[in-house]
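Residues -14 to 175 in our numbering are what the sequence shown spells out, letter by letter.
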Amino acid sequence: MINIVLFGKPGAGKGTQAEFLKEKYNLTHLSTGDIFRYNIKNDTDLGKLAKTYMDKGDLVPDEVTIKMLQSEVDKNPHSAGFLFDGFPRTLAQAEALDKFLESKNQNITATVALEADDNILVARLLERGKTSGRPDDQDEEKIRNRYDEYNQKTAPLMDYYNKQGKFHAVDGIGTIEEVTQRLNKVFDKF
């Protein structure tokens, strides 16, 4: 079983690349953003709670996110592996994910970070916000708040996984095809 964590700041292209990767490597794609948006659209209790944080550009608290993700993994017992997109975002989430996977005799195979300059990503998100309708993609201050959250809470995970020999950085700037080719070179090693 292959379990990959895909990192990157909002707008780095995680969702776009995850679509190609899940098909090529037969992985179940678990995007916390997609799961939250589904719950928000369907006005579930989790969706209402997540929306209060997301509207401010804040991360949803660990305990909510962890329970939600465990449920999604449990719904796919016959998966060949998982592509975690947007999770873990904090050290506590990474440790909880490791513990949860260990309980299923699994582990994280590798983590891959799509790296890109903040100013390029802000421009991408503002452009995406024009068509997505997502309020967190339409306000530069909220976008930069999300990047501050990422730098404070998520960036330390790179060190956590690097110490385990599981961290790989990939340049996320270029055409979709160029970035996909870079990711394939890394994924083909697993």
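Glycine is no exception: its CB is placed at the ideal position from the N, C-alpha and C atoms.
Residue i, buried or exposed, once every other Cβ within 10 Å from all chains shown has been counted against 16
i	result
Met39	buried
Lys(-6)	buried
Phe67	buried
Between the CA atoms of residue j and residue i - distance to the nearest angstrom
i	j	result
Tyr146	Ile93	9 Å
Asp156	Phe72	20 Å
Gln149	Thr96	10 Å
Glu126	Ser88	40 Å
Thr29	Lys36	10 Å
Ile(-11)	Lys115	31 Å
Glu57	Leu15	7 Å
Ile158	Asp122	19 Å
Ile161	Glu8	15 Å
Asn24	Gly32	4 Å
Asp59	Asn104	38 Å
Arg167	Asp83	26 Å
Glu112	Gly18	18 Å
Asn169	Ala108	26 Å
Ile128	Gly118	14 Å
His63	Met(-14)	10 Å
Distance between beta carbons of residue j and residue i, contact taken as under 8 Å
i	j	result
Thr165	Gln55	Not a contact, Cβ separation roughly 30 Å.
Leu6	Phe172	6 Å
Gly0	Leu110	Rounded, the Cβ-Cβ distance is 12 Å, inconsistent with contact.
Leu(-9)	Phe69	7 Å
Asn90	Thr13	That pair is no contact at about 17 Å.
Ala65	Asn11	5 Å
Pick from the options that is closest to residue i, judged by C-alpha positions
i	options	result
Thr50	Ile25, Ala65 and Phe21	Phe21
Ala101	Phe5, Met53 and Gly(-2)	Gly(-2)
Gln137	Lys9, Gly18, Leu44 and Lys33	Leu44
Tyr132	Glu163, Lys84 and Leu106	Leu106
Asp124	Gly42, Glu134, Asp59 and Leu86	Gly42
Ala79	Glu48, Asp122, Arg129 and Gly159	Glu48
Met53	Leu34, His63 and Lys174	Leu34
Glu134	Gly32, Lys26 and Leu76	Leu76
Ala98	Ala154, Asn11 and Tyr23	Ala154
Thr139	Ile(-13), Arg74 and Met(-14)	Arg74
DSSP three-state assignment for residue i, whether helix, strand or coil
i	result
Thr13	strand
Ile(-11)	strand
Ala81	helix
Ala35	helix
Val45	coil
Gly118	coil
Asp156	strand
Phe175	coil
Asp70	strand
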